[in-house]
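For the protein sequence lines, the chains are A and B, in the order given. Each residue of the first sequence is one higher than the last, beginning at 5 in my numbering. Each residue of the second sequence is one higher than the last, beginning at 5 in my numbering. Working notes for the structure below.
2 protein chains.
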Amino acid sequence: MHNKYLVTDEWKIIEDLWRPELNQGSESIFSIGNGFMGQRANFEEDYSGQSLQGSYLGGVYFPDKTRVGWWKNGYPEYFAKVLNSVNWIGLKIEIDGINLDLAKATVSHFYRELNMQEGHLTRRFRAEIAPGKIVEVDAQRFVSMTRKEIGAIRYSFKLIQFNASVKITPYLDFDVINHDSNYEEKFWESVSENVATQKAVIEAKTRKLDFHVAAAMRYELYRGSAPITLYPEISKKDKYADNSFTVTCEANENYSLYKYAAICSSFHYDKKDLQQKADELASIARRDGFDKLLAEQKADWAQRWQQSDIAITGDAEAQQGIRFNIFHLTQTYTGEDARLNIGPKGFTGEKYGGSTYWDTEAYCLPFYMASAGKEVARNLLIYRYNHLEKAIENAAKLGFSNGAALYPMVTMNGEECHNEWEITFEEIHRNGAIAFGIFNYIRYFDDKNYLAEYGLEVLIGIARFWAQRFTYSEAKGQYVMLGVTGPNEYENNVNNNWYTSYIARWCIQYAAESFETVKSLNPSALERILAKASFKAEEELAQWAKISSNVFLPADEKLGIVLQQEGYLDKEQILAADLAISERPINQHWSWDRILRSCFIKQADVLQGFYFFEDDFSKEELERNFDFYEPRTVHESSLSPCVHVVQAAYLDKLDKAYEMYLRTSRLDLDDYNREVHEGLHITSMAGTWLAVVEGFGGMRVRDGKLYFNPKLPKTWKTLSFKINFRNAVLKVDLSPTKHHIEKLSGDAVEVIVHGESISL
Amino acid sequence: MHNKYLVTDEWKIIEDLWRPELNQGSESIFSIGNGFMGQRANFEEDYSGQSLQGSYLGGVYFPDKTRVGWWKNGYPEYFAKVLNSVNWIGLKIEIDGINLDLAKATVSHFYRELNMQEGHLTRRFRAEIAPGKIVEVDAQRFVSMTRKEIGAIRYSFKLIQFNASVKITPYLDFDVINHDSNYEEKFWESVSENVATQKAVIEAKTRKLDFHVAAAMRYELYRGSAPITLYPEISKKDKYADNSFTVTCEANENYSLYKYAAICSSFHYDKKDLQQKADELASIARRDGFDKLLAEQKADWAQRWQQSDIAITGDAEAQQGIRFNIFHLTQTYTGEDARLNIGPKGFTGEKYGGSTYWDTEAYCLPFYMASAGKEVARNLLIYRYNHLEKAIENAAKLGFSNGAALYPMVTMNGEECHNEWEITFEEIHRNGAIAFGIFNYIRYFDDKNYLAEYGLEVLIGIARFWAQRFTYSEAKGQYVMLGVTGPNEYENNVNNNWYTSYIARWCIQYAAESFETVKSLNPSALERILAKASFKAEEELAQWAKISSNVFLPADEKLGIVLQQEGYLDKEQILAADLAISERPINQHWSWDRILRSCFIKQADVLQGFYFFEDDFSKEELERNFDFYEPRTVHESSLSPCVHVVQAAYLDKLDKAYEMYLRTSRLDLDDYNREVHEGLHITSMAGTWLAVVEGFGGMRVRDGKLYFNPKLPKTWKTLSFKINFRNAVLKVDLSPTKHHIEKLSGDAVEVIVHGESISL
């Protein structure tokens with residue numbers, strides 16, 4: 005089913021043949037970014053073939069008016085679109101009047117390489133643009149990890165056995181489109197275009213939200229190592245500026261154009277300073293030069309890998325897969341700005357509005373905690389703290405009161421962007437993951453102060469929501485949760501989804517417990533929080549206790565399992581293995597109602613609860629539920645396999661674990677879902693990390709101690725990774741027969757491997 | 005809440021003051037039609053104020069590409085839009101160069117009258133178009149009931165105390181828009197425009213489906229009773245043609261322009277004949293003249309009222325209301341063409357795609373049976389028979405097999421047009437109403453042959469669908485119905501909706517029973533049907549019996565009621581009376597999920613079942629269910645009150661019955677829902693008829709006999725109506741103290757009034 009065309013390499017992603025039909029997918033896979041901006045692997049020169057042009061800036065989005073068939077009360081007004089931004093890579097190349105365009109040339113020696121170790125993209129090819137006229141190109145570029153506004157390009161070319169007049173036009177262009185625009189409108193408007201010899205700075209603003217962005221460029225041309233003096237024509241139009249110049253190029257001589265772009269947005273700078281700042285940064289980049297910038301880039305990535313690498317020997321594809329995932333996670337989110345987050349497609353595509361799903365807390369947080377450390381992880385939490393007010397407004401819009409907070413299903417700035425009622429209004433378990441993220445972070449870093457500073461306020465809002473969202477059923481004499489969609493989105497509007505009710509109850513209990521924690525830790529902080537939230541402690545805590553002690557949780561005594569939802573056993577009980585291949589994935593072959601009526605599960609639902617709350621259950625309970633639910637799971641979400649890897653490994657079902665692992669680790673590289681052309685599945689990459697570290701590594705945190713219970717797949721000779729834990733950095737080396745854990749820096753840590761305690 | 009501005013009159017709808025803000029609503033209310041086409045009460049002359057231009061042709065529609073937020077498998081590709089067609093009424097009037105436009109003039113003496121008895125529309129006004137220049141207009145028009153393609157206009161005017169040069173431009177125009185177009189495209193394209201002196205014929209075709217329509221016009225101008233010879237300029241452009249001429253008009257003299265239009269569509273004629281046919285019909289209409297056409301119209305309506313009138317004395321508003329409803333039902337559907345049906349807005353607006361909902365069988369059929377007779381009612385059934393193949397395709401698309409038929413939620417040509425999954429895929433009880441329509445028709449007319457000719461095939465398809473749609477629950481040991489939306493659309497995707505399961509079971513039983521009926525009545529027809537449907541009689545009937553004898557129907561023993569759906573009693577049990585006025589209607593004030601979680605009921609759901617299957621239950625059972633469910637019903641569908649009137653009257657709750665009656669009878673006239681500007685609620689008008697005849701009249705059919713159990717509202721002195729029953733026409737006169745039932749024509753009928761049998 006999948007599409008394997010890339011060369012396997014430990015540190016690189018390599019494409020070594022020109023396959024135009026795969027180009028748009030490669031544009032996603034070879035994307036580069038720096039946490040602040042990103043760029044798909046589009047070509048610098050013109051390309052008239054199939055392509056998704058994409059240049060994205062963190063935090064800069066467009067609120068596209070909602071498009072639905074039938075409006076329902078409570079729907080959000082807009083869907084936040086990841087905004088395609090300025091084309092800063094553009095270089096038009098005309099050789100003897102013929103435009104260089106790989107869609108119109110005969111291409112050979114094509115080679116594309118993403119160097120994950122050093123963080124740059126290279127592309128080489130030969131193009132025969134007319135009979136006998138062959139040009140050889142070697143282009144390299146990166147967006148700088150150290151200079152967040154800077155992108156740099158070296159574009160070298162050589163004419164093979166012929167002389168020609170070559171016209172080169174480096175440009176900046178805001179006249180770009182979003183393919184996913186709801187109403188086919190352009191999102192950018194011109195502010196100003198300034199262009200002079202060998203420099204340009206243009207500024208544009210977005211419609212509606214008035215984000216301003218200035219892009220500046222500098223460039224130079226070298227023949228061999230000698231700079232060429234240029235006398236370019238300058239030109240500009242609405243949202244666009246260029247220089248163009250013609251050089252008489254000699255056969256077989258190497259020419260290199262260096263282009264430096266600086267992109268500054270009003271998300272980070274004052275509007276009035278944007279043009280000057282961009283111009284200045286571009287100028288400095290040019291002064292420092294490509295090689296210096298590239299050296300910085302290599303050093304920066306070396307540092308990051310130092311903390312986050314996972315090394316696997318014995319399975320080169322697994323090695324490449326896990327590094328690919330870590331690389332993209334790292335360039336998507338660097339944690340310096342708490343207003344940014346991890347979009348499901350990162351900076352690699354425009355599908356999905358908004359940047360933040362529950363994926364962040366449920367799947368991504370552990371990776372960033374262990375690989376990027378406390379400050380980065382903390383910023384992910386503060387992101388939600390900053391959105392608390394909007395979450396309260398969102399809940400109010402749906403009829404909740406008294407500071408109840410419902411975090412959105414997907415958001416850019418805290419406002420809800422999703423517009424299917426069964427998701428927007430009902431997939432409310434997301435609120436639980438956000439509370440769980442706080443718990444998980446504190447468990448990991450022992451940072452209880454976070455509760456006093458930020459966490460408790462969020463927990464109160466969430467607990468209040470759940471307390472109102474439970475309904476007391478006279479018929480059952482218990483609190484029930486009506487009309488929800490669980491993590492398994494192949495069920496909608498069900499009553500008493502076990503996962504949702506369980507995490508909702510837990511949220512109420514954890515909020516009450518956190519209240520006590522802050523009370524003893526920092527009474528004055530508590531006073532401030534209670535006043536701010538108008539929290540009537542006695543009354544509300546009593547109500548919470550009353551509800552949380554009497555929640556209806558569906559279960560089947562006979563099978564000894566909990567029930568995904570009330571009535572689940574009324575469904576026809578068939579297994580995923582019973583389905584014909586021709587019907588898989590069912591979401592492409594079955595009508596929606598058939599999916600809903602079936603027992604099939606899209607992604608971990610009950611098992612997601614067992615994953616979060618593993619310690620609440622015995623291993624036997626987990627096994628009974630795993631054995632019941634996994635065979636009914638079709639894993640049609642990219643987020644599904646990872647949880648099952650962790651549990652299967654724990655339950656010693658290593659074949660199942662490895663089968664699931666293969667589905668997650670190379671999802672995009674091998675394009676399992678035939679959709680990589682739309683962008684990468686960034687958040688599920690963190691799931692792969694979970695699969696390796698918590699699954700095969702068996703890592704857990706309990707009572708401030710780090711546990712490992714490693715169980716490697718058969719083919720793996722060694723598995724090594726680094727872990728930030730509390731204030732220490734550990735190096736973990738595992739093999740089928742032995743383990744070695746070393747503290748590289750930091751405070752004392754207690755580690756337990758296979759039940760054996762080691763103090764480091 | 006409602007908006008009362010019309011003069012109360014027994015036979016007329018009258019508006020006697022110019023209120024531009026209400027004009028668009030009046031355009032709906034004063035609409036005219038003839039079952040083949042219809043025209044909103046737009047002005048003949050230009051009008052730049054708020055208006056919804058609407059001219060509609062039965063059967064001519066546009067398949068507008070579906071617009072949804074998120075696509076789900078199984079969604080229909082398009083939504084059939086009621087298509088705004090040619091503007092045939094248009095007359096541009098310029099007086100001394102000033103365009104007559106009521107939005108730009110000072111208007112007085114405005115008067116609009118819909119003469120329901122005679123079927124025509126009159127409008128009179130004075131407009132001061134410039135200081136001292138007052139023109140008086142008296143315009144009258146109708147679409148002919150006897151000549152289905154013809155519309156005729158008399159447009160008389162008089163200049164008050166001034167002479168002027170008046171330029172008049174009668175025109176035909178296909179360059180019209182649909183306001184509800186999904187992609188803001190125009191649906192018509194030009195075929196040809198032919199124009200000559202005092203005549204024009206233009207033809208246009210629709211995009212995608214290639215419906216062709218030709219419109220022809222003729223006109224004449226009279227001064228007093230003397231025709232004026234005209235020398236018009238002719239003009240045409242894409243989709244448009246006109247004549248224009250200027251007349252020097254004398255003060256206080258009466259001028260009358262007569263315009264005759266003929267509209268022929270490829271729905272009824274060969275494309276190649278359209279222009280000639282339209283031209284010919286327009287020419288004949290002009291030859292016969294306005295007065296003759298009007299005389300025909302009056303005679304035709306007199307005949308129709310003879311059969312269908314309901315007379316109420318003592319309550320003038322109720323009288324006007326019921327006649328208004330009968331008038332619109334009659335001009336929406338005349339039953340001559342089995343390809344047409346009763347659109348929810350008839351010919352009065354463009355909202356809602358498609359023409360046919362389950363409203364037809366559930367609410368409209370009884371009116372047409374009793375008022376229009378057997379042939380008309382039969383054509384409503386044959387409409388569905390003709391769509392059987394599409395219904396089988398529709399079910400197959402959703403995963404059903406073996407000739408299972410799922411009729412669409414809304415359709416134009418048998419294909420599904422609705423695109424909310426919870427409706428399209430789940431509001432499947434509609435299939436039940438279609439089977440019930442067959443049963444109801446046969447009960448009423450004793451036409452068992454219908455089963456052999458058409459009915460059984462439909463019933464087999466429907467029963468097969470239900471047999472597959474039930475799921476055997478191992479947990480319950482019974483057949484359950486998962487994932488449905490009942491008539492109460494304020495619940496979605498529920499399990500075991502009582503109404504749906506009950507009618508599904510009934511369908512299976514009735515299909516099996518009908519199989520036996522045809523077997524004994526017409527064995528050769530049975531052979532043909534079984535072969536055509538590949539019906540394996542023994543096996544399928546056994547399977548049907550197995551299922552229908554073991555259906556799970558939720559009920560509560562303690563309360564002695566059936567349950568709207570499993571788990572309904574888990575909801576917070578509050579009553580509609582507990583809701584603050586400021587929260588009503590809840591569909592405008594509550595978020596969708598809050599509505600879903602609440603116990604509130606949009607329209608009769610359980611009670612719809614008790615309405616259809618009244619004889620299956622005791623009066624006490626009905627009363628317990630009515631007393632439980634009605635107080636939880638918010639009646640936010642126009643189809644809700646009528647069922648409750650029938651049951652409340654039966655249960656001697658006359659105050660409740662009258663309260664409900666008020667909500668249905670003048671819904672549009674008094675614009676209760678503030679949406680009359682979008683068009684009228686045609687199908688709910690049939691519900692009003694049910695309320696009067698079955699509610700206050702207490703009419704039932706049982707075992708071939710007609711029962712009356714009249715209970716009049718306090719203010720009503722008499723209630724009289726006509727009923728077609730079997731082959732007889734009866735006149736029923738009721739008063740609080742006596743009743744008189746007379747047979748006007750036809751076979752012997754047994755009537756039982758208040759339990760006392762009368763043979764007529």
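Here a beta-carbon is modelled for each residue, glycine too, at the ideal position from N, C-alpha and C. In this text, all values refer to a predicted model and were calculated from it rather than measured experimentally.
Figure out for me which residue from the options has the closest Cα to the Cα of residue i.
i	options	result
H113/A	I93/A, D68/A, I18/A, R44/A	I18/A
K190/B	Y65/B, K452/B, D631/B, C646/B	Y65/B
I442/A	F616/A, I172/A, L673/A, P80/A	F616/A
T201/A	A515/A, T233/A, I138/A, I599/A	T233/A
G58/A	E340/A, V180/A, S622/A	V180/A
S89/B	K243/B, P80/B, E237/B, A549/B	K243/B
Do residue i and residue j have their CB atoms nearer than 8 Å?
i	j	result
V755/A	K721/A	no
F271/A	F351/A	no
L385/A	N345/A	no
Y506/B	L557/B	yes
A283/B	A220/B	The sequence given here has Asp at residue 283/B, not Ala. Yes, Cβ-Cβ distance for D283/B and A220/B is below 8 Å.
R670/A	G325/A	yes
Y262/B	I157/B	yes
G487/A	N497/A	yes
T250/B	S169/B	yes
V484/B	D574/A	yes
Residue i versus chain B: which residues are under 8 Å apart at the beta carbon?
i	result
N591/A	N77
S405/A	None at all; the shortest Cβ gap to chain B is about 12 Å.
Q577/A	E478
V650/A	By Cβ distance, chain B contributes nothing, its closest Cβ being about 30 Å from V650/A, past 8 Å.
At 9 Å on the CB atoms, spell out the chain B contacts of residue i, in chain order.
i	result
T336/A	Ordered by position in chain B, no residue passes the 9 Å Cβ test against T336/A, which lies about 24 Å from the chain.
T475/A	D574, K575, E576, R601
F429/A	S595, W596, D597, R598, L600
Could you name the residues of chain A that residue i contacts, counting a contact when the two beta carbons are closer than 8 Å?
i	result
R588/B	What R588/B touches in chain A: nothing, since even the nearest Cβ is about 13 Å away.
Check the Cβ of residue i against every Cβ in chain B and list those closer than 7 Å, keeping chain order.
i	result
K401/A	S595
N91/A	Per Cβ cutoff of 7 Å: no residues; N91/A is ~28 Å from chain B at best.
W305/A	Within 7 Å Cβ-Cβ: nothing; W305/A doesn't reach chain B, min ~38 Å.
Residues of chain A with CB under 7 Å from residue i, in chain order?
i	result
N497/B	N496, N497, L600
V72/B	V72, G73
In chain order, each beta strand (DSSP E) run of at least 3 residues that lies wholly inside the stretch 202-246 of chain B: 203-210, 216-227, 237-241
Decide yes or no for the touch test of the stretch 536-550 of chain B against the stretch 460-473 of chain B: beta carbon pairs closer than 8 Å, at least 3 of them. yes
Flag this pair as touching only if the stretch 157-165 of chain B and the stretch 72-87 of chain B have three or more C-beta atom pairs under 8 Å; answer yes or no. The stretch 157-165 of chain B is not in contact with the stretch 72-87 of chain B.
Could you say if the stretch 690-701 of chain B and the stretch 650-660 of chain B meet the contact criterion of at least three C-beta pairs nearer than 8 Å? Yes: the two stretches touch, three or more of their Cβ pairs being nearer than 8 Å.
List, from N- to C-terminal side, the alpha helix (DSSP H) runs of 4 residues or more that fit wholly inside the stretch 539-616 of chain B. 541-552, 590-593, 596-601, 610-616
Tell me whether the stretch 106-125 of chain B and the stretch 29-44 of chain B touch, counting them as touching only if at least three CB pairs, one residue from each stretch, are closer than 8 Å. yes
3 or more residues per run - each beta strand (DSSP E) lying fully within the stretch 409-486 of chain A: 475-477, 482-484
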